[in-house]
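Shown next, in structure tokens, is the structure this report addresses.
2 protein chains.
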Amino acid sequence: MNKSSLYKGLLEPIIIQLLNTNGKMYGYEITQRVKEITAGELLITEGALYPLLHKLEAEGLLEVEIENIGNRIRKYYLLTKNGKKHSSLAIDEMKKLITTLSLFLNPKTV
Amino acid sequence: MNKSSLYKGLLEPIIIQLLNTNGKMYGYEITQRVKEITAGELLITEGALYPLLHKLEAEGLLEVEIENIGNRIRKYYLLTKNGKKHSSLAIDEMKKLITTLSLFLNPKTV
DNA sequence: TATGAATACCTAAATAAATTAGGTATAGTG
DNA sequence: CACTATACCTAATTTATTTAGGTATTCATA
């Protein structure tokens, strides 16, 4: 997330939507996938990401599966049952945001 | 701006775009027009709006025309020459945001 | 073979942008 | 005459992020 960012507040729904389509992902993977998907437009900082993942886990929207890669751990996050319900809301909110912004970009000149 | 808002950071480009299409507007008018345009989806609080208008004026993007309505003043804001240049950037950023969000909502399943 | 980059996790202080909760005052409505 | 709408404003607080660290493993390369 760069510049004076318009993406504020969008990190949570973006992560939820990513997990919704990709099943399970770990933190570092999320930062890389987002960079790749957006061609570098959106760069998620780890300082924002990890605390958010922990918050969503505490709220019961995400659960963790720990995997050992050699001597290193990897924490996969996936949506809980509750998180899946929540994900449709997050998606609706993003769609609504797009619709609302479009109202300003394409003003009705009736 | 309500709920745990996705609109954070969007207030500035929205105002700039509004002034770009409407010529000049005053603060209270902006709150009402936005409510109307978005059918109540986006409610701008005055505590966010007025400090932002002052900031944009201080940065030279907006200028003020004061009008007296009876015994009451009304401060119309309009884009300066510099503000107009800036407005195309703001619009591009909003369009880019929409494009980027769409990447997550409509993932490429190649 | 050691040095740096990439992978992978993390936290705390500072900053930015909003909300919340006030304030003043005039004009219009029931 | 009271209440709502219009119209401006600010300060303290909250929220979400950036910035700037930290630890440790794995891989490439000079």
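Quick mapping for you: the protein sequence lines, in order, are chains R and U.
Numbering follows the numbering used here, in which position 87 of the first sequence is assigned residue number 87; successive positions increment by one, without gaps.
Numbering follows the numbering used here, in which position 20 of the second sequence is assigned residue number 1020; successive positions increment by one, without gaps.
We treat Cβ as the ideally placed atom computed from N, Cα and C, and that holds for glycine.
C-beta atoms of residue i and residue j nearer than 8 angstroms
i: L1052 of chain U; j: E1063 of chain U; result: no
i: L42 of chain R; j: T1100 of chain U; result: yes
i: I1030 of chain U; j: I1016 of chain U; result: no
i: L1006 of chain U; j: L97 of chain R; result: yes
i: G47 of chain R; j: K1008 of chain U; result: no
i: K1022 of chain U; j: S1087 of chain U; result: Just to set this straight, residue 1022 of chain U is Asn in the shown sequence, not Lys. Not closer than 8 angstroms, so no.
i: N1082 of chain U; j: L1061 of chain U; result: yes
Where the beta strand (DSSP E) through residue i begins and ends
i: I73 of chain R; result: 72-79
i: K1024 of chain U; result: 1024-1026
Reduced DSSP secondary structure (H/G/I, E/B, other) of residue i
i: I66 of chain R; result: strand
i: K1108 of chain U; result: coil
i: M94 of chain R; result: helix
i: E41 of chain R; result: coil
i: L6 of chain R; result: coil
i: L1018 of chain U; result: helix
i: L61 of chain R; result: coil
For residue i, the first and last residue of its enclosing alpha helix (DSSP H)
i: E46 of chain R; result: 46-58
Note to self: With three or more C-beta pairs closer than 8 angstroms as the rule, is the stretch 1077-1097 of chain U touching the stretch 91-105 of chain R?
What the structure shows: Yes, the stretch 91-105 of chain R touches the stretch 1077-1097 of chain U.
Margin query: What are the residues in the stretch 91-102 of chain R lying within 9 angstroms of chain U by C-beta distance?
Written below: Cβ proximity to chain U below 9 angstroms picks out I91, E93, M94, K95, K96, L97, I98, T99, T100, L101, S102 from the stretch 91-102 of chain R.
Note to self: Three or more C-beta pairs under 8 angstroms: does that hold for the stretch 1026-1034 of chain U against the stretch 1065-1077 of chain U?
What the structure shows: Enough Cβ pairs lie closer than 8 angstroms, so yes.
Next item on the list: For the stretch 37-54 of chain R, enumerate the residues whose C-beta is nearer than 8 angstroms to any C-beta of chain U, in chain order.
Entry: When CB distances to chain U are screened at a threshold of 8 angstroms, the residues of the stretch 37-54 of chain R falling below it are I37, T38, E41, L42, in chain order.
Next item on the list: Could you please tell me which residues of the stretch 4-15 of chain R, in chain order, have their CB closer than 9 angstroms to any CB of chain U?
Entry: Residues are counted here when their Cβ sits less than 9 angstroms from a Cβ of chain U; for the stretch 4-15 of chain R these are S4, S5, L6, Y7, K8, G9, L10, E12, P13, I14, given in chain order.
Item checked: Selection of the stretch 16-28 of chain R by Cβ proximity to chain U, strictly under 8 angstroms -> Flagged, chain order: Q17, L18, T21.
Checklist line | Members of the stretch 1057-1078 of chain U near chain R, C-beta cut-off 9 angstroms | finding: Flagged: no residues at all.
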